[in-house]
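Undergrad:
Below, the structure written as structure tokens:
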């Protein structure tokens, strides 16, 4: 923490300043848009960008992460608050801040308990499915804002502005970069130009709206904004607190997952070390900060963090500069913030989440592992059919289900000796000699509760198809750990084989595994021997049993 | 299914008949006691033993499993129904049957979908903790029945009968076997004699109660029992159905886990093959059968199944005989069933669940793996503090948490060459030579979403402490699978190393792993080579990079 400050060099400053400015300009329309997704007044999105950026800079683990409002977390916030208060009411605002406080507390506690390994509960295909499902839900919800009415109805001036903004943003996303580069702009600068398109579109739409008085023609705008910085306001019933516990846990979990995946991408680019426990603490502090400024749950955003990095951010100083600029924007006259037309903001949301509809993971998984691809599609379908909260649970269950399913079919090879050598290989892949009185099996998996029964069943099967076996040798080259469940499984196998007059032997047990086994009764109870190598077992076990 | 009937031999009949009789005699008091635990009239426990035994015999996978009421499932039933109806009302009875129907349907569906691998979601220590916690909850709830009042109050005649029954049962459990064997009874027969003690105690208590008219003195009895066999009665509101969905899922899950662990123990003793999908179908049919006869959720019981096996059961015919005997007992005059004193039944429950308070798993885990021991204690504590339903969730989360936590610390060894040989070993355990321009790492785990980030971070760490590295070789001897998440992780590692001018090579990739990798873009994008062996990588990678 703050180690970067001690190592700060002057050469880093220019990059941090330019990144700070670019991210602030990106954050204003994005924060406002994601506040809308959360069912909150747009200005709350800016409140939720200042203290969180600052606190993450002080406590977080990634050098270039940008923390603030994010589409999926905003959707989860709206889902959590919908049954408790009406959007736009004072209670809704208070509950949003409370939710940020509670998920911040959860994150902080997890960080202090050092349980950052929780980030590994989601597989990537499942995360991708979750993101795709959420993106579609968010885009669908914005259609009526973009068109100024529920389909098939629409409000012509609103729809015209919404669709024009959408087209402008799509053009910027798909062609602006190439045009700028062709005009001689450096690739990085061109990239950053593209990222500022939402700001420009919103400014242009506001100018149009004011110039032609479109508000009078019925185009909705963001509405009155209180000037100055907000304060904390938490005073609702304990029933409210209780009903926010589960959403706070789910939001805290996803906040962490989303932020970690952004931070990991950047850490790999910078070859920097990431600490998931500090990440939890940074996010916890950021969310508590968001609550203190009347905001809502926030997280690290891959799109903003990538821009921060690309715009030259070297250290968290960039985020501190962003926070300072946003605070300045809020204490300056904020009347203009009331005039932003909602259809244009909706268009920025739709285009932003289109960027999350990334299908390359699906494509890779489909070719590489049909099971993972199915889990991806099932998670996306689950989010669409049952909502984003159920989606988190579905995601965890599918990730773990895939894992347990794979574990339930461990790879076990029957080994034979390559004639005249001391090498033992899978008899299905190599011509190798075997003995009818001895069965040699190599278990290609760590032994744990998820595969212990499958392994025992598979061994029974092999013994049934090798009925003359008097001695069974388990070759443990690929076994790096044996948990307590598997220890019981091995003991029961030993008992069962003993009853049937078959010896059980182990070979090539790894050092750490053997050290652990010595803490149990297993070696003493073993109805056989532990050999250093498969060859020693082959030679050492007499065929005259 | 029914394959055993085709292979039936006359010699099997004697064993099946004696087991059928013994289990029926054990099941009458046990079924009644567990119905009490579920908050139901005791006779319902006998209803829930007939069709389930029969249907499991026809559809189940284990030859000697005895299916019927079981303590933990009864506790879960009571927990599920408590908020919906008062124990003793007609609605309560109807809802109990509905719960059996719904969990039966869940089990059947899971069996038909062939997702029996779900049994592996609980580790053994967690299952042991769950059992211990449930046993304590069940025993505590029986104390007031045993004493005829809530402590510190008690009803003297009830307490006298309860405590006398308890002492008799404890004596039988601890000493009767040895006494019988000393008197010349065969060990198996002595064992079975011990198991019939509950029947004898209940009969003696009933005789005493009737003889001395203890009912008039205030000793509670089981109460009026409708004669004849019951029928199905399911006609409640859809709100009731909906509120039973979650309990039905949890009960279905535990039904399966408990039954599988009983069946596995027996299958290992008999060296028979168990099919978890048939087990699901058998349990599904049994629970639907229980519902059809006005019963409640049932499962395979390890204690009864062990007796069935010990008493000579060779095939499911034993269970069919048990079912026939129980049905006969019900159509015979059943007036006597109304007279059983509850304190004696409570004593049988307490002694039965004492048998579930088995601490050897805790003892082994404490010595062998402190993490597993902690998970056991946390699950037991969770059941006691938050109830049996929360306990199931806690159990799954702790099992999976332990797994993910272990995965997040994969074993990775830096390899060196044993001078003058082609053998490569962990430099921490063997004196081996290394090259400053080349880092050789052996990853001792299958690569999947749970460890992909940990592996990448560890590799980055090693590269930081070996700054002169120009080529990184990953030795894949212990890697039997790479999931989609890990494929992405490897691709990102490759990208990152390429950016920093470091080559990434693989060695000793297993056949099946290589076959799968060929379905991806990874081999083509690899900034390095794939070597057959570590030695070939050592020789093939030039130090003049």
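Protein chains in written order, with UniProt numbering: chain L, 1 to 545; chain H, 1 to 545. Think of the CB as a built atom: it goes at the ideal place given N, C-alpha and C, for glycine as much as any other residue. Predicted model only: the values in this text are computed from it and were never measured.
In its own chain, which residues sit with a C-beta less than 6 angstroms from the C-beta of residue 277(L), not counting the 5 before and 5 after it?
TA: The sequence position of residue 277(L) within the first chain is 277, counting from 1. Excluding residues within five positions, the ones whose Cβ falls inside 6 angstroms are 111, 114 and 116.
Undergrad: Should residue 80(L) and residue 348(L) be called a contact, given that it needs their Cβ atoms to be closer than 8 angstroms?
TA: Along the first chain, one-based indexing puts residue 80(L) at 80. Along the first chain, one-based indexing puts residue 348(L) at 348. Taking 8 angstroms as the Cβ cut-off, residue 80(L) and residue 348(L) do not qualify as a contacting pair.
Undergrad: Quick one: is residue 545(H) near chain L, going by C-beta distance under 8 angstroms?
TA: Position 545 of the second chain, counted from the first residue, corresponds to residue 545(H). Here residue 545(H) scores only 47 on pLDDT, less than 50, and its place in the model is too uncertain to base an answer on.
Undergrad: How would you call residue 73(H), buried or exposed, if buried means at least 16 neighbouring beta carbons within 10 angstroms?
TA: Taking the second chain and counting its residues from 1, the one referred to as residue 73(H) is at position 73. Flag for residue 73(H) reads buried.
Undergrad: Is residue 124(H) close to chain L? Criterion is C-beta to C-beta, closer than 8 angstroms.
TA: For the purposes of this step, residue 124(H) is identified with residue 124 of the second chain, where counting begins at 1. Yes, its Cβ sits closer than 8 angstroms to a Cβ of chain L.
Undergrad: What are the start and end residues of the beta strand (DSSP E) that includes residue 443(H)?
TA: As a position in the second chain, residue 443(H) is number 443, starting the count at 1. 438-443 is the extent of the beta strand (DSSP E) around residue 443(H).
Undergrad: To the nearest angstrom, how far is the alpha carbon of residue 257(H) from that of residue 395(H)?
TA: By 1-based counting over the second chain, the position of residue 257(H) is 257. By 1-based counting over the second chain, the position of residue 395(H) is 395. Near 12 angstroms, if we compare the C-alpha coordinates of residue 395(H) and residue 257(H).
Undergrad: Return yes when the Cβ of residue 84(H) is within less than 8 angstroms of the Cβ of residue 95(H), no when it is not.
TA: As a first step, residue 95(H) must be located in the second chain, where it is residue number 95. As a first step, residue 84(H) must be located in the second chain, where it is residue number 84. Contact flag set, yes.
Undergrad: Can we say the region 385-404 of chain L touches the region 425-432 of chain L, given the rule of at least three CB pairs closer than 8 angstroms?
TA: As far as the Cβ criterion goes, the region 385-404 of chain L does not touch the region 425-432 of chain L, which means the pair count is below three.
Undergrad: Please state whether DSSP places residue 299(H) in a helix, a strand or coil.
TA: In the second chain, counting from the first residue as 1, residue 299(H) sits at position 299. The answer is strand: DSSP assigns residue 299(H) an E or B state.
Undergrad: Any beta carbon of chain H sitting closer than 8 angstroms to that of residue 484(L)?
TA: Sequence index remark: in the first chain, residue 484(L) carries index 484 (1-based). Closer than 8 angstroms to some Cβ of chain H, the Cβ of residue 484(L) qualifies, so yes.
Undergrad: Taking its Cβ as the centre, do 16 or more other Cβ atoms sit within 10 Å of residue 461(L), making it buried, or is it exposed?
TA: Reading the first chain from its first residue, position 461 is the one you call residue 461(L). Residue 461(L) should be labelled exposed.
Undergrad: Look at residue 296(H) and residue 40(H) and say whether their C-beta atoms are less than 8 angstroms apart.
TA: Position 296 of the second chain holds residue 296(H). Position 40 of the second chain holds residue 40(H). Yes.
Undergrad: Alpha carbon to alpha carbon, how far is residue 514(H) from residue 480(L)? Give it in angstroms, no decimals.
TA: Translated into positions along the first chain, residue 480(L) becomes position 480. Translated into positions along the second chain, residue 514(H) becomes position 514. Going by the C-alpha atoms only, they are around 21 angstroms apart.
Undergrad: Between the region 278-297 of chain H and the region 121-133 of chain H, do three or more beta carbon pairs fall short of 8 angstroms?
TA: Because the criterion of three Cβ pairs below 8 angstroms is not met, the region 278-297 of chain H and the region 121-133 of chain H do not touch.
Undergrad: Are at least three pairs of beta-carbons, each pair with one atom in the region 486-503 of chain L and one in the region 450-457 of chain L, less than 8 angstroms apart?
TA: Flag = yes, the region 486-503 of chain L and the region 450-457 of chain L touch.
Undergrad: Counting only Cβ pairs nearer than 8 angstroms, list the residues of chain H close to residue 4(L).
TA: For the purposes of this step, residue 4(L) is taken as the residue at position 4 of the first chain. Here the premise fails: no neighbours, minimum Cβ distance about 17 angstroms.
Undergrad: Quick check on residue 426(H): does DSSP put it in helix, strand or coil?
TA: Here the question's residue 426(H) lines up with position 426 in the second chain. Here residue 426(H) sits in strand by DSSP.
Undergrad: Determine the chain H residues that contact residue 389(L) at a beta-carbon separation under 7 angstroms, and present them in chain order.
TA: Position 389 of the first chain, counted from the first residue, corresponds to residue 389(L). Ordered by position in chain H, no residue passes the 7 angstroms Cβ test against residue 389(L), which lies about 15 angstroms from the chain.
Undergrad: Please specify which runs of the alpha helix (DSSP H), each continuous and at least 4 residues long, are wholly inside the region 355-422 of chain H, giving them in chain order.
TA: Segments of the alpha helix (DSSP H) lying fully in the region 355-422 of chain H: 360-368, 370-386 and 388-407.
Undergrad: Between residue 378(L) and residue 398(L), which are expected to be in contact by the criterion C-beta below 8 angstroms, what is the C-beta distance as a whole number of angstroms?
TA: For the purposes of this step, residue 378(L) is taken as the residue at position 378 of the first chain. For the purposes of this step, residue 398(L) is taken as the residue at position 398 of the first chain. At roughly 6 angstroms, the Cβ-Cβ gap stays under 8 angstroms, so residue 378(L) and residue 398(L) are in contact.
Undergrad: What number of angstroms, rounded off, separates the C-alpha of residue 545(H) from the C-alpha of residue 505(H)?
TA: One-based indexing of the second chain puts residue 545(H) at position 545. One-based indexing of the second chain puts residue 505(H) at position 505. Residue confidence for residue 545(H) is low, a pLDDT of 47 falling below 50, so the modelled location carries little weight; the figure read from the coordinates is stated next. Each residue's Cα considered, the two are about 14 angstroms apart.
Undergrad: With H, G and I counted as helix, E and B as strand and the rest as coil, what does DSSP make of residue 502(L)?
TA: The residue labelled residue 502(L) in the question sits at position 502 within the first chain. In the structure shown, residue 502(L) sits in coil (DSSP, three-state: anything other than H, G, I, E or B).
Undergrad: Quick check: residue 344(L) and residue 201(L), are their CB atoms within less than 8 angstroms of each other?
TA: Mapped onto the first chain, residue 344(L) falls at position 344. Mapped onto the first chain, residue 201(L) falls at position 201. A contact, by the Cβ cut-off of 8 angstroms.
Undergrad: Could you name the residues of the same chain whose beta carbon sits closer than 6 angstroms to that of residue 353(L), not counting the 5 residues immediately before and after it, in chain order?
TA: For the purposes of this step, residue 353(L) is taken as the residue at position 353 of the first chain. Same-chain partners within the cutoff: 71, 135, 138 and 139.
Undergrad: Whole angstroms is fine: what's the gap from residue 524(H)'s alpha carbon to residue 507(H)'s?
TA: On the second chain, residue 524(H) is found 524 positions in, with the first residue counted as 1. On the second chain, residue 507(H) is found 507 positions in, with the first residue counted as 1. Computed Cα separation, rounded: 16 angstroms.
Undergrad: Buried or exposed for residue 242(L), going by 16 or more other Cβ atoms inside 10 Å?
TA: Locating residue 242(L) in the first chain gives position 242, where the first residue counts as 1. Exposed, because fewer than 16 other Cβ atoms sit within 10 Å of the Cβ of residue 242(L).
Undergrad: Comparing the C-beta of residue 358(L) with each C-beta of chain H, is any distance below 8 angstroms?
TA: Here residue 358(L) refers to the residue found at position 358 of the first chain. For residue 358(L), the answer is no, since every Cβ of chain H falls outside 8 angstroms of its Cβ.
Undergrad: Can you tell me where the alpha helix (DSSP H) with residue 292(H) in it begins and where it stops?
TA: Start at 1 with the first residue of the second chain, and residue 292(H) comes out as number 292. It spans 276-292 - the alpha helix (DSSP H) in which residue 292(H) sits, taken as one unbroken run.
Undergrad: Specify the secondary structure class of residue 94(H) as computed by DSSP and reduced to three states.
TA: What you label residue 94(H) is simply residue 94 of the second chain in a count that begins at 1. It is helical.
Undergrad: Taking Cβ positions, are residue 98(L) and residue 69(L) nearer each other than 8 angstroms?
TA: For the purposes of this step, residue 98(L) is taken as the residue at position 98 of the first chain. For the purposes of this step, residue 69(L) is taken as the residue at position 69 of the first chain. No.
Undergrad: Thinking residue 403(H) and residue 448(L) are a contact (beta carbons under 8 angstroms), I'd like their distance in whole angstroms, please.
TA: Stepping through the second chain from its first residue, residue 403(H) is reached at position 403. Stepping through the first chain from its first residue, residue 448(L) is reached at position 448. Between residue 448(L) and residue 403(H) the Cβ distance is about 7 angstroms, and since that is below 8 angstroms, they are a contact.
Undergrad: Mind pulling the chain H residues with CB within less than 8 angstroms of residue 411(L)?
TA: By one-based count along the first chain, residue 411(L) stands at place 411. Within chain H, the residues near residue 411(L) are 480, 481 and 512.
Undergrad: Taking Cβ-Cβ distances shorter than 8 angstroms, what residues in chain L pair up with residue 112(H)?
TA: The residue labelled residue 112(H) in the question sits at position 112 within the second chain. Residues of chain L passing the Cβ test: none, with the nearest at roughly 17 angstroms.
Undergrad: State yes or no: is the beta carbon of residue 453(L) nearer than 8 angstroms to at least one beta carbon in chain B?
TA: Of the protein chains in this structure, namely L and H, none is chain B.
Undergrad: Distance cutoff 8 angstroms, beta carbons only. Does residue 146(H) sit that close to anything in chain L?
TA: If you number the second chain from 1, residue 146(H) lands on position 146. Not closer than 8 angstroms to any Cβ of chain L, the Cβ of residue 146(H) fails to qualify, so no.
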